[in-house]
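Numbering-wise, this note's numbering puts 309 at position 309 of the sequence shown, and it's gapless, one number per residue.
Glycine included, every Cβ here is placed at the ideal spot set by N, Cα and C.
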Amino acid sequence: MDRGAVYPYFLTPSCPWEGVFLYSQRKGVSKLPNLLTMNNLENDKIMNLLKRAEQFEKGEKASLEGAVVNLFFEPSTRTKMSFEMAEHRLGLSVLPFETAFSSILKGETLYDTVKTMEAIGVKAVIIRHEEEEYYQQLAGCKVAVINGGDGSGQHPTQSLLDLYTIHQEFGRIDGIHVTIVGDIAHSRVAKSNAAALKQLGAKVSFVCPEEWSGDYDTTDDLDALIGETDVVMMLRVQHERHAVSALFSKERYHIKFGLTEARERKMKKDAIIMHPAPINRGVEIADSLVECQRSRIFKQMENGVFVRMAVLEYAMKGRE
Ligand code: CP
1 MDRGAVYPYF
11 LTPSCPWEGV
21 FLYSQRKGVS
31 KLPNLLTMNN
41 LENDKIMNLL
51 KRAEQFEKGE
61 KASLEGAVVN
71 LFFEPSTRTK
81 MSFEMAEHRL
91 GLSVLPFETA
101 FSSILKGETL
111 YDTVKTMEAI
121 GVKAVIIRHE
131 EEEYYQQLAG
141 CKVAVINGGD
151 GSGQHPTQSL
161 LDLYTIHQEF
171 GRIDGIHVTI
181 VGDIAHSRVA
191 KSNAAALKQL
201 GAKVSFVCPE
211 EWSGDYDTTD
221 DLDALIGETD
231 VVMMLRVQHE
241 RHAVSALFSK
251 ERYHIKFGLT
261 EARERKMKKD
271 AIIMHPAPIN
281 RGVEIADSLV
291 ECQRSRIFKQ
301 MENGVFVRMA
311 VLEYAMKGRE
């Protein structure tokens, strides 16, 4: 079967959920809302989602009907569990799915798995998959698709919760200097955030070993930027995505690119530390800084639930 291509575009202004989602369209098939990538997501659409997340954080309730399933083909603690928490708070039925006990092991394709969910009445699937742009295989599926991370591609809900956390801290994103440090080339968090932050007016700097620069203009001099940045966003070293053995020992990496206590002391008075987690303690960041006064790492996780409630609500209501 020809899976066709996914053609992202935005809703027309007449729709209340205008532009919040990328839509996939396949010839002869109705327009379907999905959140697949942060690329080209317009500023007002991002801000609408952040505002809704804030309402949820302030205690506003919402109730949705239907069943959802979290299809995670790569390990996850935060994304999977915070989607589950968001789903429960919205009153959704959450169907359990474990790759190890699914027919994926019998060779069933992702497309057929998602079509099966659709056939049994699932309204939305949240997918994490090791393949970049796996969602290209899903053209023609009617169920809402929310990307929980595609290989080294995108992680849109992580980006939204990061934007929410920065906005919550500074009251704006425009003019904020964010320095993203670490495994840029392999990081879907860096890629999702880079474009969205710049689009919203932030200044974004990248620090990493030259080998991990990817398509970005980077420096390897963290010390030159540490005193002039508002947000130090550390990334996990993604050993599982490296084709060759590590460039650095953990100790050498920490000294050259890690957030050490000495570097933390040079940060601006009100600057904050972020990290999507999971954390390699003592590698990207000193163990003692993970829960320090500047750290927003666990606040990011808390915010993830509100942001994912907003995303689920818009995805599912946008289909009604
Ligand atoms: N930040 C993040 O995506 O964490 P998990 O891999 O645990 O979901």
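(1) Are there any heavy atoms of the ligand CP lying less than 6 angstroms away from the beta-carbon of T99, as far as the coordinates show?
(2) Quick check on this structure: which residue in L92, V237, H88 has the alpha carbon closest to the alpha carbon of A67?
(3) Any heavy atom of the ligand CP inside 6 angstroms of the beta-carbon of T77?
(4) Tell me the residue span of the alpha helix (DSSP H) that contains L110.
(5) Determine the contact status of L110 and Q137, defining contact as a CB-CB distance below 7 angstroms.
(6) Could you check the C-alpha separation between T229 and P96 for me, to the nearest Å?
(7) So what does V94 bridge to, in DSSP terms?
(8) Three or more C-beta pairs under 8 angstroms: does that hold for the region 271-282 against the region 204-215?
(9) What would DSSP say about F101, mapped onto helix, strand or coil?
(10) State buried or exposed for T12, treating a residue as buried only when at least 16 other CB atoms are found within 10 Å of its CB.
(11) If contact is defined by three or more beta carbon pairs under 8 angstroms, each pair taking one atom from either stretch, is the region 58-67 in contact with the region 114-124?
(12) Pull up the distance between the alpha-carbon of L36 and that of S295, whole angstroms please.
(13) In terms of DSSP beta bridges, what is M233 paired with?
(14) Pop quiz: V125 and L71 are said to be a contact at Cβ under 8 angstroms. What is the actual Cβ separation, rounded to whole angstroms?
(15) By how many angstroms is the C-alpha of Q158 removed from the C-alpha of A196?
(16) With a cut-off of 8 angstroms, do at least 3 Cβ pairs link the region 39-50 to the region 280-296?
(17) Is it buried or exposed, V20, if we count other Cβ atoms within 10 angstroms and call 16 or more buried?
(18) From K317, E169, R308, pick the residue whose C-alpha is nearest to that of F83; which is it?
(19) Within the present structure, is the beta-carbon of P276 separated from the nearest heavy atom of the ligand NAD by less than 6 angstroms?
(20) Taking only three categories from DSSP, how would you classify L260?
(21) Is any beta-carbon of chain D found at less than 7 angstroms from that of T109?
(22) Does DSSP put V311 in a helix, in a strand, or in coil?
(23) Consult DSSP for S24 and reduce its assignment to one of helix, strand or coil.
(24) Give a yes or no on whether the C-beta atoms belonging to G140 and I127 are separated by under 7 angstroms.
(25) Counting along the chain, where does the alpha helix (DSSP H) carrying I46 start and finish?
(26) Excluding the 5 residues flanking M85 on each side, which residues of the same chain have their C-beta closer than 6 angstroms to its C-beta?
(27) Which word fits T99, buried or exposed, when buried means at least 16 other C-beta atoms lie within 10 angstroms of its C-beta?
(28) Let me know if H155 comes out buried or exposed under the rule of 16 or more other beta-carbons within 10 Å of its beta-carbon.
(29) Pick out whichever of M233, V94, T219 has its Cα sitting closest to the Cα of I279.
Judging by the given coordinates:
(1) One-based indexing of the sequence shown puts residue 99 at position 99. Checking the Cβ of T99 against the ligand CP gives no.
(2) Taking the sequence shown and counting its residues from 1, the one referred to as residue 67 is at position 67. Nearest of L92, V237, H88 to A67, Cα basis: L92.
(3) Reading the sequence shown from its first residue, position 77 is the one you call residue 77. Look at T77: its beta carbon is less than 6 angstroms from one of the heavy atoms in the ligand CP.
(4) For the purposes of this step, residue 110 is identified with residue 110 of the sequence shown, where counting begins at 1. Its alpha helix (DSSP H) spans residues 110-119.
(5) To locate residue 110, count along the sequence shown from 1; it is residue 110. To locate residue 137, count along the sequence shown from 1; it is residue 137. Closer than 7 angstroms, so yes.
(6) For the purposes of this step, residue 229 is taken as residue 229 along the sequence shown, with counting starting at 1. For the purposes of this step, residue 96 is taken as residue 96 along the sequence shown, with counting starting at 1. Straight-line spacing of the CA atoms in T229 and P96 works out to 42 angstroms.
(7) Your numbering for residue 94 matches position 94 in the sequence shown. The beta-bridge partner set that DSSP reports for V94 consists of V68.
(8) Contact fails: fewer than three Cβ-Cβ distances are below 8 angstroms.
(9) Here residue 101 refers to the residue found at position 101 of the sequence shown. DSSP places F101 within a helical segment (H, G or I) once states are collapsed to three.
(10) Within the sequence shown, numbered from 1, the residue matching residue 12 stands at position 12. Because T12 sits at a pLDDT of 28, beneath the cut-off of 50, its placement in the model cannot be relied upon, and the following sentence gives the value as read from the coordinates. Taking all protein chains shown into account, T12 has fewer than 16 neighbouring C-beta atoms within 10 Å of its C-beta and is therefore exposed.
(11) Yes: at least three Cβ pairs fall under 8 angstroms.
(12) Counted from its first residue, the sequence shown places residue 36 at position 36. Counted from its first residue, the sequence shown places residue 295 at position 295. Each residue's alpha carbon lies about 29 angstroms from the other.
(13) For the purposes of this step, residue 233 is identified with residue 233 of the sequence shown, where counting begins at 1. Residue pairing of M233 in beta bridges, as defined by DSSP: I180, M274.
(14) In the sequence shown, the residue the question calls residue 125 occupies position 125. In the sequence shown, the residue the question calls residue 71 occupies position 71. Confirmed, about 5 angstroms.
(15) Locating residue 196 in the sequence shown gives position 196, counting from the first residue. Locating residue 158 in the sequence shown gives position 158, counting from the first residue. Approximately 12 angstroms between the Cα atoms of the pair.
(16) In the pairwise beta carbon analysis, the region 39-50 is classified as not touching the region 280-296: fewer than three pairs are separated by under 8 angstroms.
(17) In the sequence shown, counting from the first residue as 1, residue 20 sits at position 20. Annotation note: pLDDT 40 at V20 (below 50); position unreliable, coordinate value reported separately. Counting other Cβ atoms within 10 Å of its Cβ, V20 reaches 16 or more and is therefore classed as buried.
(18) Within the sequence shown, residue 83 is the residue found at index 83, counting from 1. Closest option to F83, Cα to Cα, is R308.
(19) With respect to the ligand NAD, the structure shown offers nothing to examine, as its ligands consist of the ligand CP.
(20) Locating residue 260 in the sequence shown gives position 260, where the first residue counts as 1. In the sequence under discussion, the amino acid at residue 260 is Thr, which differs from the Leu named in the question. DSSP places T260 outside both helix and strand once states are collapsed to three, so it counts as coil.
(21) Annotation note: the requested chain D is absent from the structure, which comprises a single protein chain.
(22) Against the sequence shown, residue 311 aligns to sequence position 311. It is helical.
(23) As a position in the sequence shown, residue 24 is number 24, starting the count at 1. Residue confidence for S24 is low, a pLDDT of 43 falling below 50, so the modelled location carries little weight and cannot support an answer.
(24) Locating residue 140 in the sequence shown gives position 140, where the first residue counts as 1. Locating residue 127 in the sequence shown gives position 127, where the first residue counts as 1. No; because the gap between Cβ atoms is not below 7 angstroms, this pair is not in contact.
(25) Walking along the sequence shown from the start, residue 46 turns up at place 46. The continuous alpha helix (DSSP H) containing I46 extends over residues 43-57.
(26) Your numbering for residue 85 matches position 85 in the sequence shown. Once the five neighbours on either side are set aside, the close Cβ partners of M85 are V305.
(27) Here the question's residue 99 lines up with position 99 in the sequence shown. With fewer than 16 other Cβ atoms within 10 Å, it is exposed.
(28) In the sequence shown, counting from the first residue as 1, residue 155 sits at position 155. With 16 or more other CB atoms across the displayed protein chains lying within 10 angstroms of its CB, H155 is buried.
(29) Against the sequence shown, residue 279 aligns to sequence position 279. When only C-alpha atoms are compared, the closest one is M233.
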